[in-house]
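**Q** Residue numbers (the working numbering): 129 to 356.
For glycine and all other residues, C-beta sits at the position ideal for the given N, C-alpha and C.
After the structure tokens below, expect a handful of questions from me.
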């Protein structure tokens, strides 16, 4: 174990984190903070989503924003006892880090609210040749979760998670159930069985009926995996 003595600067603190490294580190920070202050979970979740969005359009500038924001919040708390709401984006800091920076825009339609790989034009073209991509795609989001699509648009994985989406109307993705494609609930509240479970149930019922037809004696349902 290396111990820093004599107030020497730690070179690790000056290293620029990638967005993946930041998400991992911030996740540990959130677990510590929310264990002591459970009421701050929404605030910190919203800040993390904001950082990911900044990363999508400004690249590594997201880390500059994080360092400036956290330093400003710490200073206001220590010197003026002002608690900063981390769920609110600091517009002044965004202007500061974004000045003269070429943001990431879609190379197909030139809009700034999405990247090329999420462009509806590209997804619509793919859906013509490979229709299954409009419903379930092998693409993963920035957190490594499987991507789901509906009519060429990506479904929000955060909306379908236990914590939900905290974008407050700013989310670029569809807020619909990734299982049954309804807008009135998320997959965590969906009562419809997945297509895999439906097909498995149909297979077992079909096998049960065939056994009865051939032998004339009903087979034990337990042998086909039915519930007791």
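Going by Cα to Cα distance, which pick from 216, 279 and 277 is closest to residue 179?
**A** Residue mapping note: residue 179 aligns to position 51 of the chain shown, counting from 1. Among 216, 279 and 277, the Cα nearest to that of residue 179 belongs to 216.
**Q** Which one or two residues does DSSP pair with residue 191 in a beta bridge?
**A** Counted from its first residue, the chain shown places residue 191 at position 63. Beta-bridge pairing links residue 191 to no other residue.
**Q** Take residue 284 and list the residues in its own chain whose beta-carbon comes closer than 7 Å to its own, dropping the five residues that flank it on each side.
**A** Reading the chain shown from its first residue, position 156 is the one you call residue 284. So the qualifying residues of the chain are 293, 299, 301, 302 and 303.
**Q** Looking only at C-alpha atoms, which of 276, 162, 221 and 275 sits nearest to residue 186?
**A** As a position in the chain shown, residue 186 is number 58, starting the count at 1. Among 276, 162, 221 and 275, the Cα nearest to that of residue 186 belongs to 221.
**Q** DSSP state of residue 211, grouped into three classes?
**A** Looking up residue 211 in the chain shown gives position 83. Residue state, collapsed to three classes: coil.
**Q** Mind the definition here: the segment 168-182 touches the segment 138-158 only if three or more C-beta pairs lie below 8 Å; say whether that holds.
**A** The segment 168-182, when compared against the segment 138-158, does touch it at the 8 Å Cβ threshold.
**Q** Is the segment 189-200 in contact with the segment 268-280, if contact means three or more CB pairs nearer than 8 Å?
**A** With the cut-off at 8 Å, the segment 189-200 and the segment 268-280 do not touch.
**Q** For the beta strand (DSSP E) holding residue 357, just list the boundary residues, first then last.
**A** An answer regarding residue 357 cannot be provided, because it is not within the stretch 129 to 356 covered by the chain.
**Q** Judging by CA-CA distance, which residue of 172, 182, 315 and 200 is the nearest neighbour of residue 146?
**A** Translated into the one-based positions of the chain shown, residue 146 becomes position 18. Checking every option, the nearest Cα to that of residue 146 belongs to 182.
**Q** Going by alpha carbons, who is nearest to residue 218 out of 209, 200 and 210?
**A** Locating residue 218 in the chain shown gives position 90, where the first residue counts as 1. Nearest of 209, 200 and 210 to residue 218, Cα basis: 200.
**Q** What is the rounded straight-line gap between the Cα of residue 290 and the Cα of residue 279?
**A** By one-based count along the chain shown, residue 290 stands at place 162. By one-based count along the chain shown, residue 279 stands at place 151. Their Cα atoms are separated by approximately 24 Å.
**Q** Could you tell me if residue 165 is buried or exposed, where buried requires 16 or more neighbouring beta carbons within 10 angstroms of its beta carbon?
**A** Against the chain shown, residue 165 aligns to sequence position 37. So residue 165 counts as exposed.
**Q** What number of angstroms, rounded off, separates the C-alpha of residue 288 from the C-alpha of residue 305?
**A** Locating residue 288 in the chain shown gives position 160, counting from the first residue. Locating residue 305 in the chain shown gives position 177, counting from the first residue. Roughly 7 Å between the two C-alpha positions.
**Q** Give me, in chain order, the residues of the same chain whose beta-carbon lies closer than 8 Å to that of residue 313; leave out the 5 immediate sequence neighbours on both sides.
**A** The residue you call residue 313 lines up with position 185 of the chain shown. So the qualifying residues of the chain are 305.
**Q** Give every residue of the same chain whose Cβ lies closer than 7 Å to the Cβ of residue 327, excluding the five residues on either side of it in the sequence, and list them in chain order.
**A** Here residue 327 refers to the residue found at position 199 of the chain shown. For residue 327, the predicted structure reports a pLDDT of 47, less than 50, and the residue's modelled location is therefore unreliable. A value from the coordinates is still provided. Nothing meets the Cβ criterion.
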